Structures are given as C-alpha cells and as structure tokens.
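Going down the list, the protein sequences come from chains C and F.
Going by numbering that gives the first Met the number 0, the first residue of the first sequence is number 0, and it counts up by one from there.
Going by numbering that gives the first Met the number 0, the first residue of the second sequence is number 0, and it counts up by one from there.
A quick write-up on the structure given underneath.
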Amino acid sequence: MPRRILTRRTAALALLPAALLLSGCIHTFWRTIAVPLARPDTGSVYLGTPIKAHLVDGRTALFRQGATIDHRAIAGPGMMYGLMAPSNAGTAIERVSLDSVVGVETFEGKALAAQSIVVSAAATVLTAGATIALLKAIFGSCPTVYADTGTGPLLQAEGFSYAIAPLLEQRDVDPLVTRPDSDGIIRLELRNEALETHNINNIELAEVRHARGERVMPDQDDHAVAVASVRAFDEARDRAGNDVRPVLASADGALFSSDVRTVNAARVGDLDDWIDLDARNLPPGDSIAVVLRLRNSLLNTVLLYDGMLSGRDSPDWLDTKLQHIGTAIDLSKWYTRTMGLRVSVGSIGSSEATWTGRVGDMGPLAFRDFAMVVPRPSPNAKSLRVRLRFVADDWRIDYAAVSPHVSRPATTTIPLQRVLAPMQPGGATTTPDTAALSALREADGRYLQTLPGQRMMLEFDAGRSAQRGDSTTSYMIVWQGWYREWIRGHWLAQPQRTTPWVAGDSTVLSALRRWHANQPEMERAFYSTRVPVR
Amino acid sequence: MRTRFVVSALLFAAGCNWGTRPVDFAPANGPQGARVAARVRGEDYDRLGELLAVDSTGITIRTNVVTLIAWTRLAALDVDGLGNDYDVRAGEVVGNNKIARLSLVSRFPQGIKHLPISLDSLIASTERRTTRFADRRVAVEEGYRRVGADFPGMGEHWINVHSLLGNRIDPSLPTLLTYATISGRPTLLGVGFVVVTRADSTPDVPGWPTEWHEHSGLLADESGAAIEPAKSDSPTHVWVMHVWTKLENPAGQLSADNWSLPFRRAGVAIPRAFDSNAGRGAALAVGGDVFLRDALTDAALRTPANSAAVDSIIASAHARATSSLGAEPNVAELESTWSDLSAALEQAMGPRVRAILVPAHDRLHRGDHR
C-alpha cells in the first residue's frame with residue numbers, strides 16, 4: 000500500500016509542471032486548516048424570573064433572584080444541588096456554563112402564588128445516566144399515557160398540549176383503547192417523555208355505558224357522546240379543490256395535510272386552509288356528529304419553539320409574562336382567534352353558516368377520536384355542508400365521517416385508586432406512592448410534579464361488569480394540568496430571536512414557512528427522540 | 000249583473016279594511032313588540048306572548064316568563080296582524096332577511112344583548128342560577144380552575160377561562176367562583192364577574208365603576224405579595240366584581256373581603272357586630288398566620304435576618320387568636336390581637352409592612368377606579 004501511494008505521488012510530481020504550463024498563467028494554491036468555532040457575542044439579557052438550570056451531570060442550579068444570560072453562561076448569585084440532593088444541601092455558585100446545561104426552567108418564586116407540589120417517589124430512581132439521555136430529546140411532547148393491550152405498551156393519549164403556564168391549565172378528555180383485567184383493574188402507564196416539568200392536578204376515568212355498535216368519544220365540550228351509523232361524507236374537498244374524500248373515508252393512517260399551493264399562498268390576513276364536507280340523504284333528526292380522528296402537525300410546536308422560546312428572554316415569557324393576567328388574556332384571545340379547528344355548518348350551495356364552533360389544538364403526538372356535535376341547518380334537513388377551517392398545515396386528519404345518530408350516554412367517574420412508582424430504573428418492581436395518589440385524586444390546588452424520564456403506573460378499579468347484555472362499556476381518561484418547557488442551553492447560547500416576540504399573523508406565517516421548509520427533518524427528529532423513561 | 004255589482008261594491012268597501020293599518024298595530028304606537036304565537040318543536044300547543052327580540056340565535060318572547068327559543072327549536076311562528084312575510088313556516092330555514100324583518104317588530108330591535116341589566120336583577124339571577132356549583136366537581140367539569148392563594152377574607156378563586164375570554168356578564172356562568180374548605184369540605188361562597196377593557200375604554204356593565212376593582216397584574220402580586228402595583232405594557236385591564244351569594248357579608252354583598260369567613264372556617268358563631276380587624280384577627284387562627292408569613296416573605300420584608308423574630312410575633316398572635324375563638328368569639332380580644340400584631344410587625348420591619356397587613360387586593364378595591 001505505501002509503495003503504491005509513492006508511485007502515484009511520483010507520477011503526480013512528474014505531471015505537475017506540465018499541467019501547470021498547459022492550464023494557464025494564474026494558479027491558486029489552497030490550504031485548509033481547522034480553527035476553533037467562536038460563538039458570536041450576542042449580548043446579554045438580565046432576567047428577573049427565578050431560574051432553575053438542569054445540568055448534563057444531573058445537578059441542578061437555582062438562581063432565585065434571576066440571572067444574567069449571555070452566549071456562554073448563566074451568571075448570578077445561585078445555589079448548586081447534587082442529583083436528588085435535599086434543599087439544604089446546596090453550595091453557592093456564581094456562574095454555570097451553557098455548555099453544561101440540558102435545559103432551563105422557570106419556577107414560581109413567590110410562596111403565596113406557588114402551587115402545592117408533590118414529587119413522586121418515581122423521581123428517586125432517576126440517575127445521571129437518565130439525565131444525559133435527555134440531551135437527545137429535541138422537542139417536548141406533553142404527558143403521555145400508555146396501556147398494555149397485549150402487544151406491549153400502546154400510546155393512548157397526550158394530555159393538555161400547549162398548557163405552558165399555570166393560567167393556561169387545561170382539562171382534557173381522551174378515549175382509551177383498553178379494558179379492565181380479570182380483577183376489574185384498568186392500568187395505565189403515565190410517562191414524562193419530554194424535556195418538560197409536568198404539573199398534573201387530577202387524573203380519573205370516565206366510564207361510559209352504551210349500546211353495542213355505538214362508539215363513544217368526547218365532543219367539543221369534552222362531554223361523552225355516543226355515535227352510530229357512522230359513514231363517510233359524500234364529498235370532501237379542500238381549499239385547493241382536491242378531492243380528499245379517499246384520504247378521509249377511513250382511519251387507515253393515510254393522512255390529510257394541506258396542499259402545498261395553499262401553504263404557499265398563505266399570507267398575513269389569510270392563513271387558512273379548509274375542507275368542505277358534504278353529507279346527503281340524512282335520516283330525520285336535529286343534529287349530526289362530525290366524527291374525526293386527528294392530531295396537530297408540528298406547526299404549533301415550531302410556533303412555540305421558534306417564536307416564544309427562541310429568544311434569550313424566553314424564561315421571562317414563560318414565567319412573568321404568562322403569569323401577567325392581562326398578557327395571558329391577550330395571548331389567549333389571539334391564539335383562540337387564530338389557531339385550533341373552526342367548524343361551520345350550512346346548507347349545500349349556500350355561503351351562509353347557520354352554526355359555528357371551535358375546538359382547540361390537541362397536540363402532535365397521539366391521534367384523538369373526537370365528535371363535533373352540530374345542529375343541522377334546519378330540523379330534519381337531509382343534507383348539509385360542514386366546513387373545517389384552520390391555519391394551513393396545522394392538522395393531520397386521518398378520518399372524517401358523519402354520524403346522523405347522536406346520543407348522550409350515562410357516564411360515571413372512576414377515581415384513581417393506586418399509583419405505583421418503579422423502585423429501580425427500568426425495573427418492574429413498584430411501590431405504592433400515596434403522596435402522588437393524594438395529589439391526583441381531586442382537581443384542586445395540589446399537583447403531582449413529574450420530571451423528564453419519570454414513569455408510574457396508575458390503577459383504576461372499574462369492576463367486572465364491562466359487558467352486560469346488549470350494552471358495553473368504554474373508558475376515557477380525564478386529566479388536568481399544565482407544564483413548563485425546559486429551555487435548552489444552546490437556545491440561550493445562540494438565540495434565533497433577538498427582538499421581542501409578538502403574537503400575530505406574521506409570526507404564524509414565519510413559523511409556517513420554516514415548518515414547511517424543514518418538515519421531514521423536524522418530523523424525524525420529533526417522533527424518534529422522546530426521552531427514555533426509567 | 001246586479002249581483003256582480005253588489006259583490007264588487009262589497010269587495011271595494013271591505014277592501015278599505017284589508018290588512019293591518021299602522022294605527023291598529025300596537026308596536027307602531029307603543030313600546031311593545033308584536034304579539035306572536037310560537038310553536039316549539041315537540042310541543043302540541045302554541046306559546047302566546049310578546050316578541051321581545053330576534054337575533055341569529057333565535058327569538059326571545061315574553062309569556063308569563065321570558066324565554067329564548069333557538070331557531071333549531073322553533074317549529075313555526077305566527078305574528079299577529081302581519082302577513083306571511085313575517086311568519087315562520089314548518090321546516091323553513093330562517094335567513095338574515097327574515098331575522099332583520101322580525102326584529103323590527105320586536106320590543107328591542109337593537110337586540111337585548113347590550114341592554115343595561117340592573118345590579119339587583121343580576122344578583123338575583125346569579126343566586127338562582129349558580130346553585131349547582133355548590134358541588135365543586137360540577138364547577139371543575141364546567142371548566143373552572145383554581146388560581147392564586149386562599150385569601151383569609153375571600154377564599155380560593157376559581158376561574159372559567161372561556162367565560163373570561165367571552166367577556167360577557169352571564170349569571171349562569173360567572174367568570175369566578177369562590178370556595179373555602181369548611182369542615183373539611185369545599186364550600187361555595189360566592190361568585191365574581193370579570194370584564195376586560197382595552198386602554199381607556201369603559202365597560203357597560205352593572206355597578207360600574209363603584210363596585211368594580213382592577214386585577215390586571217401578576218398572579219403572584221394579586222395574591223397579596225406586592226407592595227407596589229404590578230406594571231405591564233399590556234393595554235388590557237381586568238376588572239372584577241364580587242357577589243357573595245352563599246356567605247352573608249357584613250360589609251355588603253358586593254364587598255370584596257368578607258371577614259365573617261374566618262369565623263365560618265373556625266366553625267364558630269359569626270358575631271353580630273365586628274369590624275374587619277377582628278375578622279383579620281380571627282383569620283390568624285385558621286390559616287391567616289401562614290398567609291401573612293408568606294406574604295411578608297414574598298414582599299422581601301421577612302428576611303433570614305428577622306425571620307425568627309417575625310415568626311415568633313406571628314405565632315404568638317396565632318395562639319392568642321385561637322384562644323379567643325370559643326363558641327362565642329371574643330371580638331374585642333380578636334381586634335386587639337390584630338392591632339398588637341400590626342404594631343409589633345411594624346416595629347420589627349418598618350412602616351412598609353402596612354402595605355401587606357392591609358392586603359393588596361383590599362387596597363386595589365378601595366382605589367384605582369376610573
């Protein structure tokens with residue numbers, strides 16, 4: 000091998016003068032060297048918000064009086080705590096390098112406004128190894144619940160998406176595909192798979208008894224509704240004029256997404272796409288249900304990450320500004336006006352809507368089965384048109400169908416009976432966590448706080464009467480809470496946004512452009528990098 | 000020939016009286032709306048009454064009660080004295096033109112959404128329509144969430160965000176509910192209405208401005224921890240009016256603080272006469288001591304240097320208040336407990352402590368009105 004290289008070099012040397020003579024009179028010689036990458040100095044920001052920095056090695060740094068953040072470090076009077084160290088075992092620090100920071104979260108520094116928080120026994124099994132693994136997580140994804148359906152844990156639902164501050168706390172109802180075991184117990188695994196701190200106020204089950212052949216799901220007000228004789232719409236067209244009926248006619252994983260022409264045509268003042276769904280030959284009745292199976296795209300996530308969280312002032316945004324009642328109202332009004340899924344009903348061929356409604360965003364992770372109960376344009380109307388209107392590419396819709404038969408089944412509540420926390424990382428041995436149970440049983444002022452990588456089992460005593468005669472029972476999880484996003488160290492080091500974040504159409508448009516340009520990479524990263532639970 | 004003439008003459012004469020002349024149409028001569036017969040789907044009788052208002056949601060009529068009938072529930076409508084153009088036939092889809100036509104013969108063509116509601120009728124209606132919230136689970140299911148601290152004289156605030164964003168005064172769905180844990184159970188105390196204004200605009204709501212106070216600041220500060228009012232660049236202002244529907248308030252049904260609450264929490268008789276300082280004193284025995292300590296900490300008045308002394312003063316007042324809360328509370332002793340506590344804390348921490356001893360929301364209630 001060395002001999003061959005020598006041979007080649009010798010030949011090259013012999014040819015070089017000839018080549019130089021033949022190729023012209025100006026010759027440029029390049030030399031490539033490696034130089035260290037210097038982070039540009041992007042200035043510094045002082046944040047009055049109390050800050051908690053989670054480090055790669057599992058330690059936690061607290062800056063109760065706030066801190067100054069520049070492109071290299073978080074600086075200010077602070078305390079450093081070892082992994083799972085008690086609150087009186089900190090050492091004073093003045094600086095933490097952003098290179099060592101996994102994520103920064105804000106926390107409530109005022110005793111009166113602080114919520115009553117319970118930390119689960121499951122937190123004690125988190126290790127430094129688990130913390131390092133968090134580095135792989137790129138996006139947040141809200142709390143998730145899984146159920147063992149015989150083929151391993153199956154994702155059932157994600158909770159309170161986009162409830163990113165205490166004032167935005169949300170109560171969700173999600174259908175479950177699970178049954179009680181032979182002892183009448185329903186088991187769900189609660190996970191924190193994101194770089195977020197989850198504050199969960201309440202978890203319970205809704206038990207819904209209904210006739211066989213009916214399907215049960217939540218409606219727009221999160222009340223249980225039973226639908227029957229569900230069938231595809233007769234016609235479905237999106238704003239670009241595409242026939243999207245084949246995509247929406249069955250829940251088969253083939254998803255509706257906005258036509259690229261609609262996305263490209265989006266502009267300030269008109270960001271929307273829509274789908275017109277026509278139903279004909281309906282039997283007599285007052286109302287129908289629009290049955291949907293859908294989730295959000297990552298547009299909302301990009302809006303949050305590239306907008307509010309992409310500046311060095313993001314800790315202030317998540318804490319102080321979103322706790323400011325006036326600002327929270329301003330933001331909520333804008334979000335409600337712009338995002339979500341707006342539904343209108345009218346007669347086919349008429350531009351006049353006889354009814355309008357809206358549902359909020361549902362999150363990008365778990366598909367949600369959901370029924371929008373809407374009045375017909377007139378009693379016993381045999382046909383109608385439903386328009387689903389939304390910011391272009393904000394939704395992934397697997398299924399849209401119409402149910403002319405809508406009923407309100409009896410619902411009872413099954414309270415949480417036991418919480419079981421793992422005793423070792425990844426282990427099957429668990430221990431009852433009475434503190435967590437107490438925090439989760441009522442929607443009150445007490446919260447269970449979970450950290451990235453935590454998991455626990457939830458048990459509900461559903462009894463053994465799931466099926467009786469011509470009726471059957473379905474279950475839905477009812478859960479309530481909010482979460483704090485961890486602001487990544489490298490976001491603070493190299494912020495994408497240096498001017499104040501302003502909610503508005505142009506902000507959504509810029510998120511839409513970025514989302515559309517990077518969609519495949521973002522989806523790959525998001526859906527493959529959840530925090531491993533222990 | 001003669002017969003034809005007679006018939007023509009009769010028709011001509013009778014023709015003068017065909018239709019309804021304005022002078023015979025009551026809405027043209029007075030404030031009332033047209034008389035209507037409304038048939039509601041599923042009913043086998045007509046509801047006869049005055050047409051009060053018509054809008055995109057339906058018609059509002061007054062029989063012996065005032066009822067809103069949604070268009071989807073209206074089977075048919077006949078308007079007395081007017082032609083078919085005003086009637087709603089079975090199966091008819093009512094469009095905007097008919098809504099506009101009908102609203103012109105109603106009592107309130109401008110709609111009733113923005114009509115002034117008297118404070119008394121709002122209170123009466125609210126008392127009647129919020130009894131279901133005695134069960135806090137109902138409130139949770141209808142979208143209420145707890146925010147902020149448990150105030151000694153107000154209890155916990157539970158907010159309905161949809162109602163807040165709707166910015167409407169709805170007696171059946173107030174923006175706020177207040178609860179306190181009494182005898183171990185969450186107990187409904189009253190409600191609060193919230194109205195949001197922009198910049199210098201003023202809302203058209205009952206009781207404005209005297210019964211309303213501003214809560215536009217930080218959640219933490221509104222919990223009583225701020226000495227200075229919160230500042231914000233938001234032009235949005237949030238105004239609150241409390242209505243004590245379930246717990247009688249000696250200071251008035253709309254007064255924000257209700258100092259009978261500490262006595263209820265303690266499970267003792269509410270004194271016939273007492274002032275707010277006696278109530279504050281009583282609160283020290285039932286959680287008000289912890290609230291005060293936290294408020295002083297958040298305001299940076301209780302520091303590591305003085306915390307032992309401050310805690311000792313508060314603990315001593317707590318013990319004194321507890322012993323004064325027998326079956327028949329010693330009002331004078333409770334009042335002096337609070338006065339002595341205030342003096343001791345001021346001596347330990349300086350005059351700035353006064354801003355905390357009179358809670359922030361109380362200060363806001365007394366001032367800051369437009």
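Think of the CB as a built atom: it goes at the ideal place given N, C-alpha and C, for glycine as much as any other residue.
All values reported here derive from a predicted model rather than from experimental measurement.
Indicate the three-state DSSP secondary structure (helix, strand or coil) for residue i in the structure shown.
i	result
GLN346(F)	helix
ASP203(F)	coil
LEU214(F)	First, the amino acid is wrong: residue 214(F) is His here, not Leu. Of the three classes helix, strand and coil, the one that applies to HIS214(F) here is coil, per DSSP.
PHE525(C)	helix
MET361(C)	coil
ASN248(F)	coil
VAL224(C)	strand
ASP56(C)	coil
VAL285(F)	coil
ASN263(C)	helix
PRO26(F)	helix
LEU163(F)	helix
LEU297(C)	coil
ALA129(C)	For ALA129(C), the predicted model reports a pLDDT of 46, less than 50, meaning its position is unreliable and no value from the coordinates is stated.
PHE138(C)	Confidence at PHE138(C) is low in this model, with a pLDDT of 48, below 50, so the placement of that residue is unreliable and no value is reported for it.
SER115(C)	strand
GLY41(F)	coil
ILE122(F)	helix
TRP394(C)	strand
GLU234(C)	strand
THR430(C)	strand
ALA438(C)	helix
Bridge partners for residue i per DSSP, in chain order?
i	result
GLN219(C)	DSSP, once it has assigned bridges, lists no residue as partnering GLN219(C).
ALA74(C)	THR67(C) and ARG94(C)
PRO185(F)	THR180(F)
LYS51(C)	LEU61(C) and GLU104(C)
SER542(C)	Within the shown structure, residues of chain C are numbered from 0 to 533, placing residue 542(C) beyond reach of any answer.
PHE389(C)	ASP272(C)
ARG152(C)	According to the sequence displayed, residue 152(C) carries Pro and not Arg. BP columns for PRO152(C) point to ASP147(C).
PRO374(C)	SER286(C)
TYR143(F)	ASN159(F)
MET79(C)	ALA60(C) and THR90(C)
ALA343(C)	As written in the sequence, residue 343(C) is Ser, which differs from the Ala given in the question. In the DSSP output, where bridge partners are listed per residue, SER343(C) has THR355(C) and ARG386(C).
GLU458(C)	ARG186(C) and ARG417(C)
ARG240(F)	According to the sequence as given, residue 240(F) is Met; it is not Arg. DSSP lists PHE192(F) as partners of MET240(F).
GLN322(C)	None; GLN322(C) has no bridge partner.
LEU447(C)	VAL117(C) and ILE199(C)
Report the neighbours of residue i on chain F: residues whose CB is nearer than 9 Å to its CB, in chain order.
i	result
GLU567(C)	Absent from the structure is residue 567(C), since the part of chain C shown begins at 0 and ends at 533.
ASP182(C)	Under the 9 Å cutoff, chain F gives no residues; its nearest Cβ is about 27 Å from ASP182(C).
ILE50(C)	In chain order: nothing, as chain F lies at least about 16 Å away.
In chain C, which residues lie less than 9 Å from residue i when you measure between Cβ atoms?
i	result
HIS212(F)	Chain C residues near HIS212(F): none, gap ~13 Å exceeds 9 Å.
VAL330(F)	Chain C residues near VAL330(F): none, gap ~28 Å exceeds 9 Å.
How would you list, in chain order, the residues of chain C whose beta-carbon sits under 7 Å from the beta-carbon of residue i?
i	result
THR71(F)	ASP285, PRO374 and PRO378
ARG40(F)	PRO378
Under 8 Å between beta-carbons, which chain F residues line up against residue i? List them in chain order, please.
i	result
THR335(C)	LEU164
GLU351(C)	GLY94 and ASN95
What residues from chain C crowd round residue i, counting only those whose CB sits closer than 8 Å?
i	result
GLY90(F)	SER377, PRO378 and ASN379
Thinking C-alpha only, which one of the options is nearest residue i?
i	options	result
LEU303(C)	ILE185(C), THR506(C), PRO519(C) and GLY444(C)	THR506(C)
ARG71(C)	ARG367(C), HIS404(C), LEU491(C) and GLN495(C)	LEU491(C)
LEU324(F)	LEU356(F), ASP339(F) and GLY280(F)	GLY280(F)
THR129(F)	ARG20(F), ASP203(F) and GLY191(F)	GLY191(F)
To be precise: take each residue of the segment 431-444 of chain C, compare its Cβ to all Cβ atoms of chain F, and keep it if any distance is under 8 Å. Which residues remain? Residues passing the 8 Å Cβ filter: ALA442, ASP443 and GLY444.
What residues in the segment 183-209 of chain F have a beta carbon less than 9 Å from any beta carbon of chain C? PRO185 and VAL195
Along the segment 315-336 of chain C, where does the CB come closer than 8 Å to a CB of chain F? Name the residues. THR319, GLN322, HIS323, ILE324, GLY325, THR326, ILE328, ASP329, SER331, LYS332 and THR335
Near-chain F residues of the segment 345-369 of chain C - C-beta to any C-beta below 8 Å: SER346, GLU351 and THR353
Output needed in chain order: residues of the segment 114-141 of chain F with a Cβ under 7 Å from some Cβ in chain D. Note that chain D does not occur in the displayed structure, where the protein chains are C and F.
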